[in-house]
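Participant:
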Amino acid sequence: SAGAEVRIVEVGARDGLQNEKTTVSLDTKLELLSRLSRTGLRHIEAGSFVSPKWVPQMANTSAILSQLETTREKDDGITYSYLVPNTKGLSGFLDGKPTPATTGNEIAVFASASEGFSQKNLNCSIVDSIARFEPVVASALENGYQVRGYVSMVISCPYSGPTPSQAVGDVVEKLLDMGCYEVSLGDTNGVGTPGTVGKLLKHLVEERGIPPERLAAHFHDTYGQAIVNALVALEYGIRTFDSSVGGLGGCPYAKGATGNVATEDLVYFLEGTGVHTGVDLEQLVGIGEWISKTLGKGNGSRVGRALASK
Ligand code: HMG
Ligand code: MG
2 SAGAEVRIVE VGARDGLQNE KTTVSLDTKL ELLSRLSRTG LRHIEAGSFV SPKWVPQMAN
62 TSAILSQLET TREKDDGITY SYLVPNTKGL SGFLDGKPTP ATTGNEIAVF ASASEGFSQK
122 NLNCSIVDSI ARFEPVVASA LENGYQVRGY VSMVISCPYS GPTPSQAVGD VVEKLLDMGC
182 YEVSLGDTNG VGTPGTVGKL LKHLVEERGI PPERLAAHFH DTYGQAIVNA LVALEYGIRT
242 FDSSVGGLGG CPYAKGATGN VATEDLVYFL EGTGVHTGVD LEQLVGIGEW ISKTLGKGNG
302 SRVGRALASK
């Protein structure tokens with residue numbers, strides 16, 4: 002990834018798989034992660050330490066962490082990231098004795114900009130979730146792990162309606178103040194357009210003065226707007242983009258939401274725009290084809306389909 006001008010956070014093994022109805026085997030997950038680790042990607046989400054009653058598909062995250070710790074090459078330069086909703090989740094992460102380092106392992110806490118989704122996803126209010134994250138973030142930092150933050154439903158929420166930019170800004174600032182090194186802006190249900198995403202970024206970056214280096218774009222592609230929205234984010238100075246190979250995914254608590262923007266589509270767009278990603282598109286296309294077949298579904302990446310049929 003030498004000379005990469007953007008950072009891609011590959012979320013396929015977490016966001017991509019968490020909503021799969023049938024259990025994806027540990028071997029398939031490890032194979033996916035292993036293949037992804039050889040593409041030039043430097044930041045890979047590997048799982049979630051959440052309640053297995055809430056998200057059964059992520060139940061084997063401890064096994065994933067310990068496998069990665071024993072099999073990964075030393076100084077491979079890859080950061081593996083794990084979602085953690087509370088102190089119990091943090092204990093699960095720490096029990097795996099993950100290598101603490103700038104690159105190595107980190108956690109992510111996830112809040113919502115809308116009350117409705119906060120209740121559905123975390124079973125508590127926004128304020129309560131922030132209070133819950135504080136000791137998690139403090140303890141992770143004390144133990145030498147960096148913490149990423151997420152804010153969901155930044156454009157509109159299926160339960161609460163359109164999300165005021167102010168509400169997003171408030172949660173972003175709380176997460177940054179708490180010690181998150183960056184906050185990823187989740188258009189969870191993929192409803193944003195350059196109009197609404199531009200308005201949000203204008204508020205965050207220009208009106209509130211949040212440095213774009215502290216923000217990431219996490220666009221789901223439900224309405225086919227993710228790439229054009231990524232261009233808007235790029236124009237606002239954002240250089241970190243979340244995506245999922247093969248466009249895998251959906252959120253268990255956001256009905257009808259489809260996958261993240263496909264990593265293949267994102268890389269094709271960025272490289273075509275002259276923004277170097279450091280990621281091998283051809284390899285990604287192969288992985289997208291393989292995982293889609295393995296899960297018995299169509300490849301959700303248009304670029305993947307086009308290049309695979311060449
Ligand atoms: P709760 O039911 O209110 O929690 O859920 P609780 O504290 O009352 O505990 C209930 C049971 O869960 C207890 O077990 C706990 O021990 C257990 P029991 O006594 O009944 O046997 N439990 C746990 N087990 C394992 N790991 C844990 C854990 N915590 C409690 N960490 C809770 C609250 C937060 C746990 C639950 O709501 C939850 O797990 N939510 C996570 C939902 C989730 O993972 N959603 C998807 C990720 S977010 C997303 O996809 C959006 C994103 O991509 C960005 C975007 O697109 O916008 C990031
Ligand atoms: Mg998501």
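In our numbering, the protein residues as written are 2 to 311. Where a beta carbon is used, it is the ideal one built from N, C-alpha and C, also for glycine. All of these numbers come straight from a predicted model, not from anything done at the bench.
If you measure between the beta carbons of Gln-68 and Leu-31, is that distance less than 9 Å?
Facilitator: In contact: Gln-68 and Leu-31 (Cβ atoms closer than 9 Å).
Participant: Can you tell which of Asp-281, Thr-223, Gly-273 and Tyr-83 has the C-alpha that lies nearest to the C-alpha of Ala-336?
Facilitator: Beyond the ends of the chain as shown, which are 2 and 311, falls residue 336; an answer cannot be given.
Participant: Use the C-beta contact count for Gly-13: other C-beta atoms within 10 angstroms, 16 or more gives buried, fewer gives exposed.
Facilitator: Label assigned to Gly-13: buried.
Participant: Measuring alpha carbon to alpha carbon, tell me which residue in Ala-132, Asn-190, Gly-287 and Gly-196 is nearest Met-179.
Facilitator: That would be Ala-132, whose Cα lies nearest to the Cα of Met-179.
Participant: Starting from the C-beta of Tyr-81, find all residues in its chain whose C-beta is less than 7 Å away, skip the five residues before and the five after it, and write them out in chain order.
Facilitator: The answer, listed in chain order, is Ile-45, Ala-47, Leu-69 and Asn-106.
Participant: So who's on the other strand from Ala-218, going by DSSP bridges?
Facilitator: The partner list for Ala-218 (beta bridge, DSSP) reads Leu-186 and Phe-242.
Participant: Does the count of Cβ pairs from the region 129-144 and the region 111-119 closer than 8 Å reach three?
Facilitator: Enough Cβ pairs lie closer than 8 Å, so yes.
Participant: State yes or no: is the C-beta of Arg-12 nearer than 8 Å to some heavy atom of the ligand MG?
Facilitator: First, the amino acid is wrong: residue 12 is Val here, not Arg. Yes.
Participant: Counting only beta-carbon atoms, is Gln-167 nearer than 9 Å to chain D?
Facilitator: The structure shown has no chain D; it contains just one protein chain.
Participant: Suppose you measure from the CA of Ala-5 to the CA of Cys-125; what does that come to, to the nearest Å?
Facilitator: Looking at the two C-alpha atoms, the distance is approximately 39 Å.
Participant: On the DSSP letters alone, give me the boundaries of the alpha helix (DSSP H) that Gln-147 sits inside.
Facilitator: Gln-147 -> not in any alpha helix (DSSP H); beta strand (DSSP E) instead, spanning 147-153.
Participant: Quick one: residues in its chain with C-beta nearer than 7 Å to the C-beta of His-277, no 5 flanking neighbours on either side, listed in chain order?
Facilitator: Closer than 7 Å at Cβ, skipping near neighbours: Gly-4, Ala-5 and Glu-6.
Participant: Our contact map puts Ala-218 next to Asp-243 with C-beta atoms below 8 Å; I'd like the distance itself, whole angstroms only.
Facilitator: That pair is a contact at about 7 Å.
Participant: Counting Cβ pairs closer than 8 Å, one from the region 135-149 and one from the region 161-169, do we hit at least three?
Facilitator: These segments do not touch.
Participant: Mind checking whether Leu-249 and Gly-17 have CB atoms under 9 Å apart?
Facilitator: In this structure, Gly-17 lies closer than 9 Å to Leu-249 by Cβ.
Participant: Are the beta-carbon atoms belonging to Gly-305 and Asp-266 less than 9 Å from one another?
Facilitator: Against a cut-off of 9 Å, the Cβ pair of Asp-266 and Gly-305 comes out as a contact.
Participant: Relative to the alpha-carbon of Ser-119, which residue among Thr-241, Thr-100, Thr-88 and Ser-153 has its alpha-carbon at the smallest distance?
Facilitator: Selected option, being the one with the closest Cα: Ser-153.
Participant: Rounded to the nearest angstrom, how far is the Cβ of Val-198 from that of Ile-156, given a contact under 8 Å?
Facilitator: At roughly 7 Å, the Cβ-Cβ gap stays under 8 Å, so Val-198 and Ile-156 are in contact.
Participant: Can you check DSSP and say which residues form a bridge with Ala-263?
Facilitator: Partner(s): Ser-245.
Participant: Would you give the residue range spanned by the alpha helix (DSSP H) that Leu-205 belongs to?
Facilitator: From DSSP, Leu-205 is part of no alpha helix (DSSP H); its letter is neither H nor E.
Participant: Mind checking whether the beta-carbon of Asp-16 lies closer than 8 Å to any heavy atom of the ligand MG?
Facilitator: Flag set: Cβ of Asp-16 near the ligand MG.
Participant: Here's the rule I'm using: 16 or more other beta-carbon atoms within 10 Å means buried, otherwise exposed. How should Pro-212 be labelled?
Facilitator: That one is exposed.
Participant: Which residues does DSSP pair with Phe-111 in a beta bridge?
Facilitator: The partner list for Phe-111 (beta bridge, DSSP) reads Tyr-151.
Participant: Identify every residue that forms a DSSP beta bridge with Tyr-81.
Facilitator: In the DSSP output, where bridge partners are listed per residue, Tyr-81 has Ile-45 and Asn-106.
Participant: Nearest to Asn-261 by alpha carbon, out of Ile-127, Gly-117 and Leu-186?
Facilitator: Checked all of Ile-127, Gly-117 and Leu-186; the closest Cα to Asn-261 is Leu-186.
Participant: Leu-202 and Val-233: beta carbons closer than 9 Å?
Facilitator: Contact flag set, yes.
Participant: Hey, would you say Gly-247 sits closer than 9 Å to Ser-302, going by beta carbons?
Facilitator: Their beta carbons are under 9 Å apart, which means Gly-247 touches Ser-302 by this criterion.
Participant: Check for me: the beta strand (DSSP E) holding Ile-1 runs from which residue to which?
Facilitator: A question about residue 1 goes unanswered here, because the residues of the chain that appear run from 2 up to 311.
Participant: Per the DSSP calculation, Gly-162 is bridged to which residue(s)?
Facilitator: DSSP output for Gly-162 lists Cys-158 as bridge partner(s).
Participant: Going by the C-beta, is Gly-170 closer than 8 Å to any heavy atom of the ligand MG?
Facilitator: Not so, every heavy atom of the ligand MG lies at least 8 Å from the Cβ.
Participant: At the level of alpha carbons, what is the spacing between Ser-245 and Asn-122?
Facilitator: Roughly 20 Å between the two C-alpha positions.
Participant: Going by beta carbon distance, what residues of the same chain come within less than 6 Å of Leu-205, once the five residues before and after it are set aside?
Facilitator: Gly-170 and Ile-211, listed in sequence order.
Participant: Report the option in Gly-145, Ala-309 and Ile-292 whose CA atom is closest to the CA atom of Glu-21.
Facilitator: Selected option, being the one with the closest Cα: Ile-292.
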